[in-house]
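See below for the structure under consideration.
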Amino acid sequence: MTKNELNYLAGAMDADGFLSMRTHKIRGCITYSEFVGLGQVNDIVPLLLCKAFGGTVRQRNRNPQWKTFYYWVAVNKGAAICAKALLPYLKLKRRQAEIICALRKSKNIPEHKRRAVKIGVRSKGTNPEIVAHRVSLFTEIKTLNKSGTIPSSSS
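Here the sequence shown is numbered in the working numbering, starting from 1413 and rising by one per residue.
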């Protein structure tokens, strides 16, 4: 992708997109996943994002009186790739992209360093320091994404 295309997509994400995290409980353990998306009444930008970063585009027609809504989402590695590529061009959601990149970095730590705590006969749990780091990332991104939260203008 060209810089102009990335700049365009970053502007669209700043305006109509979201960069967030989700939690899931698997076998009693909380896992964290990267989650990004964008919704618009035209399918052009959602399809561009899907072509560039993968993910899925879906249509929503919640009310027959409303226009069709096109919704693109990417999760996990696809979301992290999107956040990393758009990071230099984002203005409003830059910190959220940094948090997503930090989560991916913590997931890319080699398994022998990441899963250091024995929790059973055969399994190991995630290192408590890594868990604490992920909890702090999750808390920060949820705070940033609350309605009415305005990022400080540092540029």
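The beta carbon of each residue, even a glycine, is placed where N, CA and C say it ideally should be. Predicted, not measured: the structure shown is a model, and the values here were computed from it.
Closest by C-alpha distance to residue i, when choosing among the options
i	options	result
Gln1471	Phe1465, Ala1464, Phe1481, Leu1502	Phe1481
Ile1442	Thr1555, Phe1430, Asn1539	Asn1539
Val1547	Glu1523, Arg1527, Ser1518, Val1487	Ser1518
Val1485	Lys1558, Glu1446, Asn1557	Glu1446
Gly1429	Asn1475, Arg1516, Ala1495	Ala1495
Ile1438	Lys1489, Leu1556, Gly1537	Gly1537
Lys1554	Glu1523, Ile1511, Arg1474	Ile1511
Cα-Cα separation, residue i to residue j
i	j	result
Gln1477	Gly1451	18 angstroms
Glu1417	Gly1440	42 angstroms
Lys1479	Asp1455	12 angstroms
Arg1507	Pro1500	11 angstroms
Ala1491	Val1448	6 angstroms
Tyr1444	Thr1414	31 angstroms
Phe1465	Ala1509	14 angstroms
Val1453	Lys1525	45 angstroms
Lys1558	Leu1502	18 angstroms
Asn1520	Glu1552	20 angstroms
Ala1427	Asn1475	23 angstroms
Rounded Cβ spacing between residue i and residue j (contact assumed at less than 8 angstroms)
i	j	result
Leu1549	Ala1514	6 angstroms
Bridge-paired residues (DSSP) for residue i
i	result
His1436	Thr1443
Leu1431	Val1448
Thr1468	Val1485
Gly1490	Partner(s): none; Gly1490 has no beta bridge.
Gly1423	BP columns for Gly1423 are empty, so no partner.
Heavy atom of the ligand FAD within 6 angstroms of residue i beta-carbon
i	result
Leu1459	As for the ligand FAD, it is missing from this structure, which has no ligand bound.
Between the segment 1431-1447 and the segment 1458-1474, do at least 3 Cβ pairs fall closer than 8 angstroms? no
For the segment 1421-1429 and the segment 1540-1549, state whether three or more C-beta atom pairs, one from each stretch, are separated by less than 8 angstroms. no
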